[in-house]
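Those protein sequence lines, which keep their order, are chains A and B. For the record, in the first sequence the residue sitting at position 16 is 16 according to the UniProt record's numbering, with numbers rising by one throughout. For the record, in the second sequence the residue sitting at position 99 is 99 according to the UniProt record's numbering, with numbers rising by one throughout.
Protein chains: 2
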Amino acid sequence: MGKQMTEMLKGTLEGIVLAILSMRPAYGYEITAWLREQGFSDIAEGTIYALLVRVEQKRLVDVRKVPSEKGPPRKVYSLNKQGQEYLEEFWRTWSFLTERLEQLHEGGK
Amino acid sequence: MGKQMTEMLKGTLEGIVLAILSMRPAYGYEITAWLREQGFSDIAEGTIYALLVRVEQKRLVDVRKVPSEKGPPRKVYSLNKQGQEYLEEFWRTWSFLTERLEQLHEGGK
DNA sequence: CTCAGGTATTCGGTGTTGCTAGGTACCAGT
DNA sequence: ACTGGTACCTAGCAACACCGAATACCTGAG
């Protein structure tokens with residue numbers, strides 16, 4: 001999708017994944033597939049797994065192993081209390097950014 | 001403002017600066033000051049200068065030295081044709097992201 | 001039975017980016 | 001002479017997304 005997207009995803013991808021997990025528990029492969037459907041066509045598989053490891057280490061999610069019928073066991077992640085707070089903080093930061101950018105976008109016409 | 005902002009600025013800060021330059025030519029010190037006024041309280045000075053060097057090397061801006069009454073000469077940057085196209089591409093990428101995130105934000109309530 | 005192919009996770013190395021923490025230089029007022 | 005505001009630059013660091021490859025499990029085609 002272009003280099004701009006790659007850089008823009010830094011910081012927001014984490015929020016996106018946490019937002020997904022806030023709706024329902026999910027595992028890496030599933031999240032990757034969903035993101036691709038949503039148009040994030042070039043999100044690398046490895047990226048999501050690495051991100052999930054990070055949020056786990058930050059204690060923002062709980063994990064449980066669930067056997068799969070079609071492959072190795074899934075690692076199903078769910079957002080915990082701390083993760084919810086972190087996600088709310090993410091939305092605040094995001095809102096701040098969008099407000100400034102919207103102003104700039106309007107002003108630039 | 002927090003670590004989330006730092007990561008989120010990666011990729012967007014460049015667009016922000018280019019958007020500013022699309023309205024009027026400006027120099028580094030001025031841009032830094034303006035950003036701080038807008039609430040980007042902890043944007044480091046060095047960050048902006050490094051960013052300006054990068055966009056100059058990418059040929060997105062034109063530069064001219066202008067003597068200052070109060071210090072060393074200013075390097076005034078202005079967006080050129082290529083920079084405008086790049087900025088439009090930035091807005092397209094940004095719009096894509098905001099749409100997805102807005103959906104997620106709504107869905108998460 | 002073997003082998004391709006979908007499912008599912010992991011890992012090492014790379015490039016880009018913003019931050020830290022300085023430094024240089026010019027000038028005005030005390 | 002010295003402080004402080006203006007204005008720019010740099011080297012080293014940490015975080016993050018990407019790339020490419022490897023591993024592991026299972027099913028169905030040949």
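Just so you know, even glycine gets a beta-carbon here, dropped at the ideal spot from N, CA and C. None of these values were measured; they are calculated from a predicted model.
Q) Considering only C-alpha positions, which residue in the set B:T6, B:G15, B:K3, B:Q4 is nearest to B:Q84? A) B:G15
Q. Going along chain A, which residues have a C-beta under 7 Å from B:K10?
A. Simply E7, K10, G11.
Q) With a Cβ-Cβ cutoff of 7 Å, do A:L97 and B:M8 count as a contact? A) Contact flag set, yes.
Q. Given 8 Å as the limit, is there contact between the stretch 13–30 of chain B and the stretch 51–66 of chain B, that is, 3 or more CB pairs closer than that?
A. With the rule of 3 Cβ pairs closer than 8 Å, the stretch 13–30 of chain B counts as touching the stretch 51–66 of chain B.
Q) Can a CB atom of chain A be found closer than 7 Å to the CB of B:S22? A) yes
Q. So is A:M5 buried or exposed if we call it buried at 16+ other beta carbons inside 10 Å?
A. buried
Q.
Starting from B:R92, trace the alpha helix (DSSP H) in both directions and tell me its first and last residue.
A. From DSSP, the alpha helix (DSSP H) with B:R92 extends over 81–107.
Q. Taking 7 Å as the CB-CB cut-off, is B:K47 touching chain A?
A. Just to set this straight, residue 47 of chain B is Thr in the shown sequence, not Lys. Cβ-Cβ to chain A under 7 Å: no for B:T47.
Q) If you count every other CB in all the chains shown that lies within 10 Å of the CB of A:W94, and 16 or more means buried, which is it? A) buried
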